[in-house]
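Numbering (our numbering), first residue to last: 120 to 388.
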């Protein structure tokens, strides 16, 4: 069967995938997605970003999009109705901070209306320059409410984050899902949270199946999504380790080359 005839649902990550290195959607990508909408494809954006952050970006497409955020902890309909949500309980998150995390690591709690962090991190701030989702500097040693959507750590030294991941999983392997969305970004979510699970909920709602979907991603938080969909593509800018993990998948142009829009234009338009 021709790919165009099989696929009914288009799914894409944001950072490193739909967005360029300036964290923007290009005019070309916007035009392609509007045309795909006109041709009745169901569009899903699945990202690690918080929904307030992602909504301000996806609105720039000017077409209806289902939004999966915080790696699957939230699902919003194309008209921004909250369809699904799950949080991590305060006590279990606090116990992670009791593990004596290296103070050089930037730690972030994704809360409902803001994000709490121990450091002002310029690199992290650059991802959300126009977002309504704003940071709050806090002292985690005195913080009382640790309930959060997602737990996020960043450091320029990947090995520091690997060591932290191993430290946390030695105690909580059955409690959390984790992923490296980028080599310098380590994320923990509730065990039931993954992009692929949230996407499955949308497909059930819209009466589609995974075999009718195509997905695009560049990070390890996309891995299960890429494995689940009928067709999956890896961005040319993705880490080699992800390509090695999924060697059977085709690699396309990078995010700065409008890889997603170019592929969709060539195969579907």
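Backbone N, C-alpha and C fix where the C-beta goes; we use that ideal spot for every residue, glycine too.
For clarity, every value in this text was computed on a predicted model and none was experimentally measured.
Among 308, 277, 328 and 351, which has the Cα closest to the Cα of residue 167? 308
Pairwise C-alpha distance: residue 211 and residue 332: 35 angstroms
Would you be able to state if there are at least three C-beta pairs under 8 angstroms between the stretch 187-199 and the stretch 354-361? no
Buried or exposed for residue 367, please, with buried defined as at least 16 other CB atoms from any protein chain shown within 10 angstroms of its CB. exposed
Tell me the start and end of each unbroken beta strand (DSSP E) in the stretch 139-214 that is at least 3 residues and wholly inside, in chain order. 161-165, 185-188, 193-195 and 201-204
Taking contact to mean 3 or more Cβ pairs, one atom from each stretch, closer than 8 angstroms, check whether the stretch 202-216 and the stretch 262-270 are in contact. yes
Residue from 202, 165, 287 and 253 with nearest C-alpha to residue 219: 287
Quick one: what's got a C-beta closer than 6 angstroms to residue 122's C-beta in the same chain, skipping five residues either side? 386
Cβ distance (whole Å) where residue 203 is taken to contact residue 317 below 8 angstroms: 7 angstroms
What does the alpha-carbon distance come out to for the pair residue 306 and residue 338? 12 angstroms
From which residue to which residue does the beta strand (DSSP E) around residue 281 run? Careful: residue 281 lies outside any beta strand (DSSP E), inside the alpha helix (DSSP H) at 277-291.
Output needed for residue 158: all residues of its chain with C-beta closer than 8 angstroms, excluding positions within five of it in sequence on either side, in chain order. 387 and 388
Span of the beta strand (DSSP E) around residue 336: 332-336
For residue 144 and residue 171, which I take to be in contact (beta-carbon distance under 8 angstroms), what is that distance rounded to the nearest angstrom? About 17 angstroms separates the two Cβ atoms, so there is no contact after all.
Hey, how far is the Cα of residue 354 from the Cα of residue 257? 36 angstroms
Paired residues, beta bridge with residue 309 - DSSP: 295
Classify residue 281: buried if its beta carbon has 16 or more other beta carbons within 10 angstroms, exposed otherwise. exposed
Which of helix, strand or coil does DSSP assign to residue 261? coil
Taking only three categories from DSSP, how would you classify residue 340? helix
Excluding five sequence neighbours on each side, which residues of the same chain lie with their C-beta closer than 7 angstroms to the C-beta of residue 325? 161
Tell me, to the nearest whole angstrom, how far the beta carbon of residue 224 is from that of residue 297; I am working on the premise that it is less than 8 angstroms. Contact doesn't hold; Cβ gap of about 15 angstroms is too wide.
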